[in-house]
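Residue numbers (the numbering used here): 600 to 1022.
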């Protein structure tokens, strides 16, 4: 499904396979946004942080990937020279992030008043996105030495353009290219909860963020925010999902060995908050076929409740998009509105809102038109007769009770004043 979606959106204009030095890059055309994206491949395999720290030394030893980079830029010049620079973006993960920045600086610092082969390169990138590109000491000097080598010492002033560089990174602890080298203000920490150098958790989380903002109600909550403020808002949502999972799910799983059939379980497993939330969302959407899987021989002997496979996360997001099923983020403003609106909460047409509040959840599953997927007719199929959610449907909440449960969520997720203890 990912391949189908990619082919629908992007067209490959030029591809450079692996060179002897390991360089590889691809020029894509985004058919929806009319933009050209140059992607520089990062390290293959599982490179350690120590290996990445040696990149600075490697750049000083012979060709490495610099001549391959120069030739690649010359190869794509006939395609990009007539393209507005606002429609050209460079991207790269890990080592590819460094190559993307070097390529940007290379195109920006060519002295086109001189008659050299580099006059064939007339294009520039308007933006560069690096993904988990760790810090290397004295990268500025290394970068300018590399550029000087590329340009045969023919370089203008030492011009760096940090405003062009957007550094996307796992906020768990990656030392990033932005703050360490360029003083860039365009740092975009993404909260995955995994502290991983791998591109996979970062990509999955960014897919999820993009998906969240496709719902108008979510987009309206951030439309007046800056790009970095928007990312922080979405990071806060992911952190709240983690708080919910650790507070209400993990403790219960430790007691029940991950299911109601606890006596058949050998040991509880710690469930990842992102995978758990997507598994719950898939269940509410009733889109579990081919998405959720049990770990074990059968339901009765499995040691973990059915959960989404790592390899199916993006496929599930794309499937939900295709069927126009979305996730409405509940923030502190929503809980402020809920607190005194008993008539809204007790109306069974708004049962999904009531269940979310009663379960201390910070999202509701809706269709594109904002109609809730959970309703009086399907909650038994989703949750079962013995569930807390099923029992909530017939409860009548007064203002004191409604205010109390809302205060719990406000304290848990939004630094509210209420003091709570979860037993």
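Every residue gets a Cβ at the ideal spot worked out from N, C-alpha and C, and that includes glycine.
Between the Cα of residue i and those of the options, spot the shortest distance and give me the residue it belongs to.
i: residue 641; options: 667, 604, 635, 691; result: 691
i: residue 639; options: 632, 630, 622; result: 622
i: residue 988; options: 704, 956, 941; result: 956
i: residue 931; options: 675, 1007, 604, 914; result: 1007
i: residue 809; options: 991, 731, 962, 917; result: 917
i: residue 631; options: 607, 765, 613; result: 607
i: residue 788; options: 813, 828, 873; result: 828
i: residue 992; options: 1003, 999, 978, 1000; result: 978
i: residue 965; options: 708, 720, 813; result: 813
i: residue 765; options: 730, 790, 798; result: 730
i: residue 832; options: 715, 928, 920, 1014; result: 928
i: residue 725; options: 732, 700, 717; result: 700
i: residue 872; options: 836, 967, 696; result: 836
i: residue 684; options: 919, 716, 727; result: 727
i: residue 994; options: 678, 791, 953; result: 953
i: residue 910; options: 985, 889, 612; result: 889
i: residue 997; options: 806, 985, 941; result: 941
i: residue 611; options: 619, 675, 617; result: 675
i: residue 762; options: 704, 830, 874; result: 704
i: residue 806; options: 887, 722, 627, 605; result: 605
i: residue 938; options: 1000, 875, 723; result: 1000
i: residue 677; options: 962, 613, 923, 933; result: 613
Is residue i buried or exposed, if buried means 16 or more other CB atoms sit within 10 Å of its CB?
i: residue 960; result: buried
i: residue 880; result: buried
i: residue 983; result: exposed
i: residue 800; result: buried
i: residue 906; result: buried
i: residue 680; result: exposed
i: residue 823; result: exposed
i: residue 672; result: buried
i: residue 781; result: Note that residue 781 scores 47 on pLDDT, short of 50, meaning its location in the model is unreliable and no value can be drawn from it.
i: residue 826; result: exposed
i: residue 878; result: buried
i: residue 970; result: exposed
i: residue 951; result: buried
i: residue 915; result: buried
i: residue 1009; result: buried
i: residue 973; result: buried
i: residue 919; result: buried
i: residue 716; result: exposed
i: residue 975; result: exposed
i: residue 732; result: buried
i: residue 702; result: buried
Taking only three categories from DSSP, how would you classify residue i?
i: residue 959; result: coil
i: residue 826; result: helix
i: residue 624; result: strand
i: residue 798; result: helix
i: residue 670; result: helix
i: residue 591; result: Given a span of 600 to 1022 for the chain in the structure shown, any question on residue 591 remains unanswerable.
i: residue 889; result: coil
i: residue 994; result: coil
i: residue 653; result: For residue 653, the predicted model reports a pLDDT of 43, less than 50, meaning its position is unreliable and no value from the coordinates is stated.
i: residue 905; result: strand
i: residue 721; result: coil
i: residue 1004; result: helix
i: residue 821; result: helix
i: residue 1010; result: helix
i: residue 921; result: helix
i: residue 682; result: coil
i: residue 939; result: coil
i: residue 814; result: coil
i: residue 950; result: helix
i: residue 984; result: coil
i: residue 880; result: helix
i: residue 709; result: coil
i: residue 715; result: coil
i: residue 760; result: coil
i: residue 871; result: coil
i: residue 977; result: coil
Run through the DSSP bridge pairs and tell me what residue i is partnered with.
i: residue 692; result: 730
i: residue 787; result: 767
i: residue 927; result: 963
i: residue 636; result: 627, 688
i: residue 605; result: According to DSSP, which records beta bridges pairwise, residue 605 is partnered with nothing at all.
i: residue 610; result: 628
i: residue 704; result: None, per the DSSP bridge assignment.
i: residue 841; result: DSSP lists no partner for residue 841.
i: residue 615; result: 624
Looking at C-beta atoms only, is the number of pairs between the region 667 to 680 and the region 611 to 627 that lie closer than 8 Å three or more?
Yes: the two stretches touch, three or more of their Cβ pairs being nearer than 8 Å.
query = At a cut of 8 Å, does the region 816 to 827 reach the region 942 to 949 through at least three beta carbon pairs?
reply = No: fewer than three Cβ pairs fall under 8 Å.
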